[in-house]
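Visitor: Okay, so the sequence shown: first residue is 48 according to this note's numbering, each after it adds one.
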Amino acid sequence: MRFGKVRGIVALITAAILLTGCNAVKHETESRTVHLTLKVPTLTHQTPADPDISSAAGFLEKMAAAYRKEHPNVTIDTVVFALTDEDAYITDCFDTEDAADILYEGYFNMAGYVHTGRVVPLDDIISDSVKEDIPDSMWTMSRTNGKTYMMPFTSNQNILAYNKDMFRQAGLDSYVSHEPVIQNWTLEEWEKILDALAANRSVSSFPMMMYGKNEQGDTHIMTLLRSHGSTFFQQDGSFHLDTPEGIAGLQWLSEGVDKGWYPAHSENLEIMDCSKLFANGQLAIYMTNNALLRYDGIDTGYVNFPSDGGGGYATSFLIGFQVFDNGDDARVAAAKDFLKYIYETEQWLDYSAGGIPASNKTAEKYKSEIPMLDEFYANGENVVDFTMNNPNWRGVRAVFWTSIHDLLKGELTPKEAARKIDQECNKEIEEGRKTSRLHE
Numbered sequence: 048m049r050f051g052k053v054r055g056i057v058a059l060i061t062a063a064i065l066l067t068g069c070n071a072v073k074h075e076t077e078s079r080t081v082h083l084t085l086k087v088p089t090l091t092h093q094t095p096a097d098p099d100i101s102s103a104a105g106f107l108e109k110m111a112a113a114y115r116k117e118h119p120n121v122t123i124d125t126v127v128f129a130l131t132d133e134d135a136y137i138t139d140c141f142d143t144e145d146a147a148d149i150l151y152e153g154y155f156n157m158a159g160y161v162h163t164g165r166v167v168p169l170d171d172i173i174s175d176s177v178k179e180d181i182p183d184s185m186w187t188m189s190r191t192n193g194k195t196y197m198m199p200f201t202s203n204q205n206i207l208a209y210n211k212d213m214f215r216q217a218g219l220d221s222y223v224s225h226e227p228v229i230q231n232w233t234l235e236e237w238e239k240i241l242d243a244l245a246a247n248r249s250v251s252s253f254p255m256m257m258y259g260k261n262e263q264g265d266t267h268i269m270t271l272l273r274s275h276g277s278t279f280f281q282q283d284g285s286f287h288l289d290t291p292e293g294i295a296g297l298q299w300l301s302e303g304v305d306k307g308w309y310p311a312h313s314e315n316l317e318i319m320d321c322s323k324l325f326a327n328g329q330l331a332i333y334m335t336n337n338a339l340l341r342y343d344g345i346d347t348g349y350v351n352f353p354s355d356g357g358g359g360y361a362t363s364f365l366i367g368f369q370v371f372d373n374g375d376d377a378r379v380a381a382a383k384d385f386l387k388y389i390y391e392t393e394q395w396l397d398y399s400a401g402g403i404p405a406s407n408k409t410a411e412k413y414k415s416e417i418p419m420l421d422e423f424y425a426n427g428e429n430v431v432d433f434t435m436n437n438p439n440w441r442g443v444r445a446v447f448w449t450s451i452h453d454l455l456k457g458e459l460t461p462k463e464a465a466r467k468i469d470q471e472c473n474k475e476i477e478e479g480r481k482t483s484r485l486h487e
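#1: Could you compute how far the alpha carbon of S202 sits from the alpha carbon of P353?
#2: Would you call N210 buried or exposed, if buried means 16 or more other Cβ atoms sit within 10 Å of its Cβ?
#3: Does the structure place the region 456 to 472 close enough to the region 380 to 393 that three or more beta carbon pairs sit under 8 Å?
#4: Is the beta carbon of M198 less than 7 Å from the beta carbon of F371?
#5: Quick check on the burial criterion: 16 or more other C-beta atoms within 10 angstroms. Buried or exposed for E179?
#6: Alpha helix (DSSP H) containing K86: first to last residue?
#7: On the premise that G193 lies in contact with S441, defined as a C-beta separation below 8 Å, what is that separation, rounded to the nearest angstrom?
#8: Quick check on DSSP: helix, strand or coil for P254?
#9: Per DSSP, what are the beta-bridge partners of G367 in this structure?
#10: With H, G and I counted as helix, E and B as strand and the rest as coil, what does DSSP make of R115?
#11: Answer with buried or exposed for L365, where buried requires no fewer than 16 other C-beta atoms within 10 angstroms of its C-beta.
#12: Counting only runs of 3+ residues fully inside the region 212 to 255, write out the beta strand (DSSP E) ranges in chain order.
#13: How is the alpha helix (DSSP H) around V430 delimited, first residue to last?
#14: Reducing DSSP to helix, strand and coil, say where F128 ends up.
#15: Please state whether DSSP places S415 in a helix, a strand or coil.
#16: If you run the structure through DSSP and keep just helix, strand and coil, what is L324?
#17: Return the residue from the list A96, C140, L85, L130 that minimises the CA-CA distance to T122.
#18: Just reading off the alpha helix (DSSP H) that V166 is part of, what are its end residues?
#19: On a Cα-Cα basis, can you pick out the residue from K260, Y196, Y349 that is closest to H312?
#20: Identify whether R190 lies in helix, strand or coil by the three-state DSSP scheme.
#21: Can N337 and G402 be called in contact, C-beta distance under 7 Å?
#22: Which residues mark the beginning and the end of the beta strand (DSSP E) in which Y333 is found?
#23: Between L207, G105, D469, which has its C-alpha nearest G359's C-alpha?
#24: Could you tell me the distance, in whole angstroms, from the CA atom of E314 to the CA atom of W308?
#25: According to DSSP, is D289 helix, strand or coil?
#26: Along the chain, where does the beta strand (DSSP E) containing Y349 start, and where does it finish?
#27: Drop a sphere of 10 angstroms on the beta-carbon of R165, count the other beta-carbons inside from all chains shown, and report buried for 16 or more, exposed for fewer.
#28: Using the Cβ count rule (16 or more neighbours within 10 Å means buried), how would you classify P310?
#29: Under three-state DSSP, which class holds D180?
#30: Give me the Cβ distance between V81 and H486, rounded to the nearest whole Å; I'm assuming they're in contact under 8 Å.
#31: If you drop the 5 nearest sequence neighbours on each side, which residues of the same chain put their C-beta closer than 8 Å to that of I476?
#32: Measuring straight from C-alpha to C-alpha, what distance separates C140 and S224?
#33: To the nearest angstrom, how far is it from the Cα of L241 to the Cα of P254?
#34: Rounded C-beta distance between D355 and L234? I'm assuming under 8 Å.
#35: Can you round the beta-carbon distance between T270 and F433 to whole angstroms, since I take them to be within the 8 Å contact cut?
#36: According to DSSP, which residues form a beta bridge with S102?
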């Protein structure tokens with residue numbers, strides 16, 4: 048009897064803890080000063096919700112300031128870093144006073160951090176209304192082993208933009224669309240277009256983007272390598288380029304060097320070099336997405352990445368938040384509460400209209416002000432998965448670009464590049480699988 052009574056008391060205490068857990072955490076964060084570090088890369092962000100905003104850091108700082116007014120004991124410092132400095136600002140800061148408590152970024156980098164065991168699940172701050180407001184497909188991309196480790200905020204769909212004036216000057220008027228649509232060209236048409244642009248270019252202008260200096264923009268190179276029918280991945284997420292289709296895609300990329308399709312010595316360029324060329328009217332074709340549709344003084348058209356069937360390819364990546372556990376329960380609780388505050392406040396969700404909003408309500412509210420929103424929704428059928436939820440995508444990115452660099456430089460044949468990419472990238476993926484651990 049005595050044991051049964053004790054067990055009953057323990058059960059009641061446990062139930063009470065479970066019921067009051069959130070309140071207990073809230074009380075803890077309100078009773079002491081908590082300092083949070085929110086990190087974000089240099090992401091351009093323009094939104095109809097606030098014309099004064101030009102970057103992600105801009106709206107994050109506004110959110111942080113508003114949150115502090117309601118929670119004066121919590122300070123949130125926003126730290127901006129260059130995309131090329133990702134490791135220095137995130138992984139190199141683990142277990143230091145400069146470690147990130149919150150990260151706002153694209154999932155293609157964030158997903159890898161989930162497997163470090165430092166990113167906390169967020170299911171306990173997701174209300175039913177928030178869950179229902181965001182498409183199931185986005186929640187699926189945000190989960191690992193059934194738990195939500197990332198919060199989707201907005202998304203970008205990557206396609207290609209072309210300079211209409213440069214097309215007309217090359218006699219390619221028939222390929223220029225007069226409507227704001229996303230076009231598709233066959234491989235034969237692609238080659239005709241690129242050859243015409245190369246034949247009619249000035250000394251300082253070039254047909255199409257290409258780069259191989261570092262990992263930045265590697266997603267778009269990977270998409271180009273699908274041009275001849277490569278699935279790129281096996282079903283388990285392993286790289287699978289050493290196939291006739293994959294080698295043909297690499298061959299097509301390589302031939303563009305001799306055909307004059309790219310800026311000279313493109314192996315030494317990075318994607319931002321090509322961005323500047325396009326913005327200056329010196330590059331005819333460059334990547335874009337729904338957040339980067341307008342370039343001052345340039346009349347642009349839009350087209351999917353090439354495919355063997357002519358239907359074209361696009362990629363899409365979510366951008367959102369994750370919270371790191373740095374060994375301080377109060378910091379974790381405050382960081383999670385800050386995210387809860389954002390997702391339950393319409394004013395802050397409105398800032399997601401700088402891309403394709405994760406929130407259905409926000410998308411509906413701003414649909415007339417988000418350029419080509421319906422076109423991007425319809426183009427979703429051409430979107431391909433470019434990460435396959437690999438546990439070590441950062442490792443993959445660190446080695447993939449080196450093969451592209453050597454291919455463009457002529458130091459690797461397409462066959463050699465295919466084999467090297469598969470071997471090196473799959474080694475990184477396997478390492479990620481072996482070392483993966485999740486925060487409970």
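The beta carbon of each residue, even a glycine, is placed where N, CA and C say it ideally should be. Only a predicted model underlies this, so the values are computations on that prediction, with no experimental measurement involved.
Guide: Looking at the coordinates:
#1: 22 Å
#2: buried
#3: no
#4: no
#5: exposed
#6: Looking at the DSSP string, K86 is not in any alpha helix (DSSP H); the run it does join, the beta strand (DSSP E), is 81 to 88.
#7: Contrary to the premise, residue 441 reads as Arg rather than Ser in this sequence. Their Cβ separation, rounded to whole angstroms, is 23 Å, which puts R441 and G193 out of contact at 8 Å.
#8: strand
#9: E152, P199
#10: helix
#11: buried
#12: 253 to 255
#13: Neither: V430 is in no alpha helix (DSSP H) and is coded neither H nor E.
#14: strand
#15: coil
#16: helix
#17: L85
#18: Looking at the DSSP string, V166 is not in any alpha helix (DSSP H), and its letter there is neither H nor E.
#19: K260
#20: strand
#21: yes
#22: 330 to 336
#23: L207
#24: 13 Å
#25: coil
#26: 347 to 350
#27: buried
#28: buried
#29: helix
#30: About 19 Å separates the two Cβ atoms, so there is no contact after all.
#31: G284, S285, F286, N437, P438, N439, G442, V443
#32: 48 Å
#33: 6 Å
#34: 6 Å
#35: 7 Å
#36: T91
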